[in-house]
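Participant: Residue numbers (this note's numbering): 8 to 674.
Note that beta-carbon positions come from the ideal geometry of N, C-alpha and C, so glycine has one too.
Pasting in a structure now, in structure tokens, and then I'll have a few things to ask.
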């Protein structure tokens, strides 16, 4: 194995030279000592160690679950991660070869079996793109594919046969992987494209904008990007809500093909109105309209193809995004030319829509319609819990549910006859934990998870409405008040009351303070906590609030329901040691005692004695001084002499035994 060593640089040189000098000095001393000790013989040279792992063995991956436990929640990588549509991921990998951002002197190590560049083609810049001022379709006419390109039916989007568009077309026509990706998309297109094109036509937009959604999602309505975008049109939650989609705990209309298409039409219409052409509108859909506007102003051009060639003009992803849409639109309008004539598209979706009561399970709808649950679920992917949302107070809204075509009438009739299962609702308060809610309502966390499709590690968000069983069992009264520990006793004033809040690692002081209407500084001062550190599961904060404060939206503990212990008080230690079956005892030190010997007598390690008594094991003990032990052993004789003794009984003095009051002059 060849080992390469790199010379140290910068300040490391001094440290490296100093270390080397010290090493040489130590070696010289060792040789001098060896010469004085002739009985010490030189041993055999150490063997060259084998590599820790063979070169072909992959390094172990970090344990994601263990990292999440340490982080008390998802790690940064887990928060960023998301499933990715396979065909889009594969295409993105291939684009690195189709459109290399070339560094001079380097060559790609693989080819993906792509057609080699034709030296007779138009000169390209360092990114493999035609040189400015940008080619027009007339430039492509001189290529060997000019006749083939002229024979293609163009989409109803105004487009330019830029070199990037042609490169994509050649990839889908000539490359095995390109043909495979195109075949998958041609098959999928039958499912949603007819209905989506009808919506675009009704809105007066080019129907071939439908292929933008294919490039966004691969026409997978449940796909989620690493950034959190979802659905056929990959809306982020805030942009989806801005364009009329419901995105909450129960419903996510980004997953609804019809509703998300209507929102995308509104969004694309606004972008077209802003920029005036579809190339810029589509690019803005990808990179954001603010970024596109900034680029136009900075470079003083509103031509997409010019911006796509300028250094730092627009993101590289957007540079390829628009040509990619144009290319797939051409492919899907010319299936025979791209070898897709025999691909059978998936059948288009057909359904009846019925209106049902809130909190209706899709399972009940499927049974009433006489169809499978999977067929109803596939038509109603927007309902995240496999049921319509619960009704809130005074809400009479009915929810649309799709069933396979022809089954609507039967489903409505049977649902009306059967009636709905009655469930109650519960609005989540700030600080609620699922176990607390279940105990309060006389049910179990498992039952609440099942009713509300809650993941095992899902946190409850305030104001979320949960479905709960209507028949609730009476909650048994607590046998003992809950124990809370405070760093200092903060008695309330005449116009305030003290309450307690059980925190979790998901809370921070800012949101806790806002929930109770106090300041972060007040919280910190009442609870001896560091404002910059995270709260830990199990911490309980004491909070002073006005007597008339409305805390209906917060889960808190009133002072009457708790037992307050002062941190490090005698009562505090006795309580927590009592939980372990031990007592806290103060011991008088005897002559010759050490921390170790006293600890051994009472079953405590020397480390525990150090920790409890806040002193080193090597410190000298003085006879008569006090040590503290936590023990389950009996304590007798002199060792318990320093334990508190009861006070003597106080006997009141009889009035006649009191001395006479002194006589004051003038009275």
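Since residue 543 contacts residue 527 with CB under 8 Å, what's their CB separation in whole angstroms?
Facilitator: Position 536 of the chain shown, counted from the start, is the residue given in the question as residue 543. Position 520 of the chain shown, counted from the start, is the residue given in the question as residue 527. No, residue 543 and residue 527 are not in contact; Cβ-Cβ is about 17 Å, not under 8 Å.
Participant: Report the residue from 595, 475 and 578 whose alpha carbon sits nearest the alpha carbon of residue 444.
Facilitator: One-based indexing of the chain shown puts residue 444 at position 437. Among 595, 475 and 578, the Cα nearest to that of residue 444 is on 475.
Participant: Starting from residue 551, trace the beta strand (DSSP E) both ways and give me its first and last residue.
Facilitator: Here residue 551 refers to the residue found at position 544 when the chain shown is read from its first residue. That run of the beta strand (DSSP E) goes 547-553.
Participant: So, helix, strand or coil for residue 358, using DSSP?
Facilitator: The residue given as residue 358 occupies position 351 in the chain shown. Three-state result, residue 358: strand.
Participant: Between which two residues does the alpha helix (DSSP H) containing residue 2 stretch?
Facilitator: It is not possible to answer for residue 2, since the shown part of the chain is limited to 8 through 674.
Participant: Which residue marks the beginning of the alpha helix (DSSP H) containing residue 473, and which one marks its end?
Facilitator: Within the chain shown, the letter at position 466 stands for residue 473. Note, residue 473: premise wrong, no alpha helix (DSSP H); beta strand (DSSP E) at 472-476.
Participant: Please report how far the alpha carbon of residue 510 lies from the alpha carbon of residue 618, in whole angstroms.
Facilitator: Here residue 510 refers to the residue found at position 503 when the chain shown is read from its first residue. Here residue 618 refers to the residue found at position 611 when the chain shown is read from its first residue. Approximately 27 Å, taken between the alpha carbons.
Participant: What are the boundary residues of the alpha helix (DSSP H) that includes residue 570?
Facilitator: Looking up residue 570 in the chain shown gives position 563. Where residue 570 is concerned, there is no enclosing alpha helix (DSSP H), although the beta strand (DSSP E) it sits in stretches over 569-573.
Participant: According to DSSP, is residue 290 helix, strand or coil?
Facilitator: Taking the first residue of the chain shown as 1, we reach residue 290 at position 283. Here residue 290 sits in helix by DSSP.
Participant: Can you give me the C-alpha to C-alpha distance between residue 236 and residue 287, rounded to a whole angstrom?
Facilitator: Position 229 of the chain shown, counted from the start, is the residue given in the question as residue 236. Position 280 of the chain shown, counted from the start, is the residue given in the question as residue 287. Taking the straight line from one Cα to the other gives about 21 Å.
Participant: Mark residue 196 as exposed unless 16 or more other C-beta atoms lie within 10 angstroms of its C-beta, in which case mark it buried.
Facilitator: By 1-based counting over the chain shown, the position of residue 196 is 189. The residue in question, residue 196, is buried, as its Cβ has 16 or more Cβ neighbours within 10 Å.
Participant: Near residue 498, which residues of its chain fall below 8 Å by C-beta distance, leaving aside the five closest residues on each side in sequence?
Facilitator: Within the chain shown, numbered from 1, the residue matching residue 498 stands at position 491. If we look at residue 498 and ignore the five residues flanking it on each side, its Cβ neighbours are 505.
Participant: Check for me: the alpha helix (DSSP H) holding residue 258 runs from which residue to which?
Facilitator: Against the chain shown, residue 258 aligns to sequence position 251. Premise fails: residue 258 is in no alpha helix (DSSP H) and is neither H nor E.
Participant: With distances taken from CA atoms, which of 432, 281 and 524 is nearest residue 556?
Facilitator: Reading the chain shown from its first residue, position 549 is the one you call residue 556. Answer by Cα proximity: 524.
Participant: Short of 7 Å in beta carbon distance, which residues of its chain neighbour residue 3, apart from the five on each side in sequence? Order them along the chain.
Facilitator: Residue 3 cannot be examined here, being either before or after the span of the chain that is shown, 8 to 674.
Participant: According to the neighbour-count rule (16 or more other Cβ atoms, all chains shown, within 10 Å of its Cβ), is residue 307 buried or exposed?
Facilitator: Taking the chain shown and counting its residues from 1, one reaches residue 307 at position 300. Looking at its Cβ environment, which holds fewer than 16 other Cβ atoms inside 10 Å, residue 307 is exposed.
Participant: Measuring alpha carbon to alpha carbon, tell me which residue in 613, 601 and 640 is nearest residue 592.
Facilitator: Within the chain shown, the letter at position 585 stands for residue 592. Measuring from the Cα of residue 592, the nearest candidate turns out to be 640.
Participant: If I'm right that residue 536 touches residue 508 with Cβ under 8 Å, what's the distance once you round it to whole angstroms?
Facilitator: Working through the chain shown from its first residue, we reach residue 536 at position 529. Working through the chain shown from its first residue, we reach residue 508 at position 501. Not quite, the Cβ-Cβ distance comes to about 12 Å (not below 8 Å), so this is no contact.
Participant: Does the beta-carbon distance from residue 199 to residue 226 come in below 8 Å?
Facilitator: The count along the chain shown starts at 1 and reaches residue 199 at position 192. The count along the chain shown starts at 1 and reaches residue 226 at position 219. Cβ distance < 8 Å, so residue 199 and residue 226 count as in contact.
Participant: What is the rounded straight-line gap between the Cα of residue 122 and the Cα of residue 177?
Facilitator: Translated into the one-based positions of the chain shown, residue 122 becomes position 115. Translated into the one-based positions of the chain shown, residue 177 becomes position 170. Caution is warranted here: a pLDDT of 40 is assigned to residue 122, below 50, making its placement in the model unreliable, and the coordinate value is therefore given only provisionally. Distance between the alpha carbons of residue 122 and residue 177 is about 8 Å.
Participant: Would you decide whether residue 331 is buried or exposed? Buried here means 16 or more other CB atoms lie within 10 Å of its CB.
Facilitator: Taking the chain shown and counting its residues from 1, one reaches residue 331 at position 324. Counting Cβ neighbours within 10 Å, residue 331 comes out buried, since at least 16 surround it.
Participant: Using DSSP bridges, identify the partner residues of residue 207.
Facilitator: Counted from its first residue, the chain shown places residue 207 at position 200. According to DSSP, residue 207 bridges with nothing at all.
Participant: Specify, as a first and last residue, the run of the beta strand (DSSP E) that residue 595 falls within.
Facilitator: In the chain shown, the residue the question calls residue 595 occupies position 588. Segment 590-595, the beta strand (DSSP E) holding residue 595.
Participant: So does the region 362-381 actually touch the region 414-422, counting three or more Cβ pairs closer than 8 Å?
Facilitator: As far as the Cβ criterion goes, the region 362-381 touches the region 414-422, which means the pair count is three or higher.
Participant: With distances taken Cα to Cα, identify the nearest neighbour of residue 171 among 301, 571 and 334.
Facilitator: Locating residue 171 in the chain shown gives position 164, where the first residue counts as 1. For residue 171, the nearest C-alpha among the options comes from 334.
Participant: Would residue 202 and residue 270 be called neighbours here (beta carbons separated by less than 8 Å)?
Facilitator: Within the chain shown, the letter at position 195 stands for residue 202. Within the chain shown, the letter at position 263 stands for residue 270. No; because the gap between Cβ atoms is not below 8 Å, this pair is not in contact.
Participant: Based on the DSSP secondary-structure assignment, which residues constitute the bridge partners of residue 406?
Facilitator: If you number the chain shown from 1, residue 406 lands on position 399. According to DSSP, residue 406 bridges with 363.
Participant: Nearest by alpha-carbon distance to residue 560: which of 519, 578 and 394 is it?
Facilitator: Taking the first residue of the chain shown as 1, we reach residue 560 at position 553. The shortest C-alpha separation from residue 560 is found at 519.
Participant: Report back the beta-carbon spacing between residue 285 and residue 165 to the nearest angstrom; my notes put them in contact at under 8 Å.
Facilitator: Position 278 of the chain shown, counted from the first residue, corresponds to residue 285. Position 158 of the chain shown, counted from the first residue, corresponds to residue 165. Confirmed, about 6 Å.
Participant: Once DSSP output is grouped into helix, strand and coil, what is the label at residue 164?
Facilitator: Taking the first residue of the chain shown as 1, we reach residue 164 at position 157. Residue 164: coil per DSSP, three-state reduction.
Participant: Within the same chain, show all residues whose beta-carbon is closer than 6 Å to that of residue 293, passing over the 5 residues directly before and after it, in chain order.
Facilitator: By 1-based counting over the chain shown, the position of residue 293 is 286. Taken in chain order, the residues that qualify are 325 and 328.
Participant: Which residue wins for smallest C-alpha separation from residue 104, given the options 586, 393, 185 and 214?
Facilitator: Residue mapping note: residue 104 aligns to position 97 of the chain shown, counting from 1. Nearest of 586, 393, 185 and 214 to residue 104, Cα basis: 185.
Participant: Over the uninterrupted alpha helix (DSSP H) stretch that includes residue 635, give me the two end residues.
Facilitator: If you number the chain shown from 1, residue 635 lands on position 628. Looking at the DSSP string, residue 635 is not in any alpha helix (DSSP H); the run it does join, the beta strand (DSSP E), is 633-638.
Participant: So, for residue 573: in the same chain, excluding its five sequence neighbours on each side, which residues have a beta-carbon less than 7 Å away from its beta-carbon?
Facilitator: Residue numbering aside, residue 573 sits at position 566 when the chain shown is read from its first letter. Only 493, 496 and 579 meet the Cβ criterion.
Participant: Cutting at 7 Å between CB atoms, please list the residues of its own chain near residue 571, excluding the five before and the five after it.
Facilitator: Taking the first residue of the chain shown as 1, we reach residue 571 at position 564. Only 491 and 493 meet the Cβ criterion.
Participant: Of the choices 256, 258, 303 and 246, whose alpha-carbon is the least far from that of residue 277?
Facilitator: Along the chain shown, one-based indexing puts residue 277 at 270. The option with the nearest alpha carbon to residue 277 is 246.
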